Amino acid sequence: DRRPDPLFMSFEDRKNELLEYNELTVEDVNTAMYYKVQTTASGLNPSLYGRETPFANYGALFRLEGVLVDMTGLHVKAWERVAEEHGYAIESSDIVRQASIYNAEVAAHRVFAWTNDIFEWENIADSHCLAFREAFNSWLESGGNIGSSSSDLPQAGPTREELSSIDGIVMRRIADKLGKSRPSDEDVIRALEGGWVEGMRDVLGWTSDPKVVDSIVADYGEMWDEEYDALVESYEDGSRDDATPDVLLQEGVTEWLDLLRTGDVPCVVMSYLDAGQLDEILRRTGLDEFFPPDKRVSRSNGFVETTDELLGAALRAERRTDHCVVFDNTPISATDAHEAQMKSISFVDHYAKYELTSADATFVSPREMNLMRLRTFFETQDLVVEAEVDALSTLEKKDTLTLTRYDYLEGRDG
Numbered sequence: 003d004r005r006p007d008p009l010f011m012s013f014e015d016r017k018n019e020l021l022e023y024n025e026l027t028v029e030d031v032n033t034a035m036y037y038k039v040q041t042t043a044s045g046l047n048p049s050l051y052g053r054e055t056p057f058a059n060y061g062a063l064f065r066l067e068g069v070l071v072d073m074t075g076l077h078v079k080a081w082e083r084v085a086e087e088h089g090y091a092i093e094s095s096d097i098v099r100q101a102s103i104y105n106a107e108v109a110a111h112r113v114f115a116w117t118n119d120i121f122e123w124e125n126i127a128d129s130h131c132l133a134f135r136e137a138f139n140s141w142l143e144s145g146g147n148i149g150s151s152s153s154d155l156p157q158a159g160p161t162r163e164e165l166s167s168i169d170g171i172v173m174r175r176i177a178d179k180l181g182k183s184r185p186s187d188e189d190v191i192r193a194l195e196g197g198w199v200e201g202m203r204d205v206l207g208w209t210s211d212p213k214v215v216d217s218i219v220a221d222y223g224e225m226w227d228e229e230y231d232a233l234v235e236s237y238e239d240g241s242r243d244d245a246t247p248d249v250l251l252q253e254g255v256t257e258w259l260d261l262l263r264t265g266d267v268p269c270v271v272m273s274y275l276d277a278g279q280l281d282e283i284l285r286r287t288g289l290d291e292f293f294p295p296d297k298r299v300s301r302s303n304g305f306v307e308t309t310d311e312l313l314g315a316a317l318r319a320e321r322r323t324d325h326c327v328v329f330d331n332t333p334i335s336a337t338d339a340h341e342a343q344m345k346s347i348s349f350v351d352h353y354a355k356y357e358l359t360s361a362d363a364t365f366v367s368p369r370e371m372n373l374m375r376l377r378t379f380f381e382t383q384d385l386v387v388e389a390e391v392d393a394l395s396t397l398e399k400k401d402t403l404t405l406t407r408y409d410y411l412e413g414r415d416g
């Protein structure tokens, strides 16, 4: 098929045509963007528009998995079923968490390293699709609850609050042993802030005898170790009641998206989910207000390669590829972004920072981002790349410089 010459199509016609493709090139997108801004269409001078809204020339492309939403809980259920069905083993829950931010085929050979057989990857991906759909539907039937903070995640070990609470537990055990009234948490803090003698005598009023105080100190050390060991063991043996939430909204993303919206930066979401699942996740997390239906890319679009998916997202953002930044947390995402002539930003979460060195920048949280920081990634490029086009001829306008004679020029030869 010979594609029609975009010079003889309006921007909207060309965009609608490209939206039907599942394979795209950088030239396809950028050529369409070149003819996007026309005086007759918007009534705005593009150069003036670029100065008044300096951030609107950029596009932000977000990967749903890992960046906006953590769906580890759903993937644990799906991948455990897939592993059992195909006779593989899952080494740890951390590996599943990393696998949750890839498409199933890549996860099978890159994360789990189960096989190098391409046909087996496809079989595993098909099995994962069915298993994930079942887990997803079960999640919906159970209410489709969304976790909203890191406190919803199971801890790898005791929190600071839990460690602090040991002091109160131990001091109340000692009070029972001595036949004294149990102190409040506030009294325990005050008693332990000063010296032991002062705390036992002035705060708790238990004793002023140095020998009794020494005995209390010895009991405190022994009991504290006992409580600490029991707390750590509760994490290691899985006896705690914590469970990974099926779907977790990542911290800081709502604030960052809201900031991008105030700067008129178009945002597009990309996902390995099918369109129906993506719509449901966005609705339940409240992210649908930032990503209307025409700003969503899913598995249902049928893009062949990841770069095609990125180019499809840039087309929906209506921005040149070299004015788009991709937010994705995998070590290989930067390679795909750079191939599409885009910038890449990753958040340190599923991978350590040293594993994300190919990205143009890495941050701990979206809360570290701001509009000026985003602009610095493109500071070597022109802020306005769309040429001002003559409305009738479609030829680029040329500015004519007129020399004005000023007094200081008088007397010059010629």
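Numbering-wise, my numbering comes out as the position in the sequence shown, counting from 1, plus 2.
Cβ atoms here follow ideal geometry from the backbone N, Cα and C, with glycine treated the same way.
Only a predicted model underlies this, so the values are computations on that prediction, with no experimental measurement involved.
Close Cβ partners of residue i (< 7 Å) along its chain, the five nearest in sequence each way excluded
i: TRP226; result: ILE168, VAL172
i: PHE138; result: LEU76, GLN279
i: LEU194; result: ASP169, GLY201
Short CB-CB distance (under 9 Å) between residue i and chain D
i: GLY314; result: The structure shown has no chain D; it contains just one protein chain.
Contacts around residue i, its chain only, beta-carbon distance under 6 Å, and the 5 residues preceding and following it disregarded
i: MET344; result: THR323, CYS326, VAL328
i: TYR37; result: PHE13
i: LEU317; result: LEU20, VAL31
i: ASP221; result: ILE176
Residue i, buried or exposed, once every other Cβ within 10 Å from all chains shown has been counted against 16
i: LEU21; result: exposed
i: ASP128; result: exposed
i: TYR451; result: Because the chain here runs from 3 to 416, residue 451 falls outside it and cannot be looked at.
i: MET272; result: buried
i: LEU142; result: exposed
i: THR378; result: exposed
i: LYS213; result: exposed
i: VAL234; result: exposed
i: LYS179; result: exposed
i: ALA115; result: exposed
i: ASP248; result: buried
i: ALA339; result: buried
i: ASP187; result: exposed
i: GLU311; result: buried
For residue j and residue i, the rounded distance between their alpha carbons
i: ASN24; j: VAL306; result: 6 Å
i: LEU250; j: GLY223; result: 39 Å
i: PHE57; j: LEU132; result: 41 Å
i: LEU313; j: TYR356; result: 27 Å
i: ALA363; j: SER236; result: 38 Å
i: ASP15; j: ASP296; result: 15 Å
i: ILE176; j: ILE218; result: 7 Å
i: ARG83; j: LEU70; result: 25 Å
i: SER210; j: PRO368; result: 54 Å
i: THR74; j: GLN252; result: 12 Å
i: ILE120; j: ILE334; result: 19 Å
Range of the contiguous alpha helix (DSSP H) that encloses residue i
i: VAL78; result: 74-88
i: LEU376; result: 373-378
i: ILE126; result: 120-143
i: ARG263; result: 255-264
i: ARG285; result: 277-287
i: LEU20; result: 13-20
i: ALA319; result: 308-319
i: ALA62; result: It is not in any alpha helix (DSSP H) - ALA62 instead sits in the beta strand (DSSP E) that spans 61-65.
Given residue i as reference, the closest of the options once Cα atoms are compared
i: GLU370; options: ASP216, PHE349, LYS355; result: PHE349
i: VAL270; options: LEU66, GLU107, ARG285; result: LEU66
i: VAL98; options: ARG375, HIS88, HIS352, SER367; result: HIS352
i: VAL113; options: ASP96, TRP198, ASP119; result: ASP96
i: SER94; options: ASN105, TRP81, SER186, ILE191; result: TRP81
i: TRP258; options: ALA62, PHE380, SER183; result: ALA62
i: GLN100; options: ALA232, SER183, VAL78, ALA91; result: VAL78
i: THR359; options: LEU376, PHE380, THR337; result: THR337
Residue interval of the beta strand (DSSP E) (run including residue i)
i: ILE347; result: 345-349
i: GLY363; result: In the sequence on display, residue 363 carries Ala and not Gly. It spans 363-365 - the beta strand (DSSP E) in which ALA363 sits, taken as one unbroken run.
i: MET272; result: 269-272
i: VAL327; result: 326-329
Neighbourhood of residue i by C-beta, 8 Å cutoff - its chain only, sequence neighbours within 5 removed
i: LYS17; result: ALA34, LEU317, GLU320
i: GLU107; result: TRP123, GLU124, ILE126, ALA127
i: VAL28; result: LEU313, THR323, ALA342, GLN343
i: ASP276; result: SER300, ARG301, SER302
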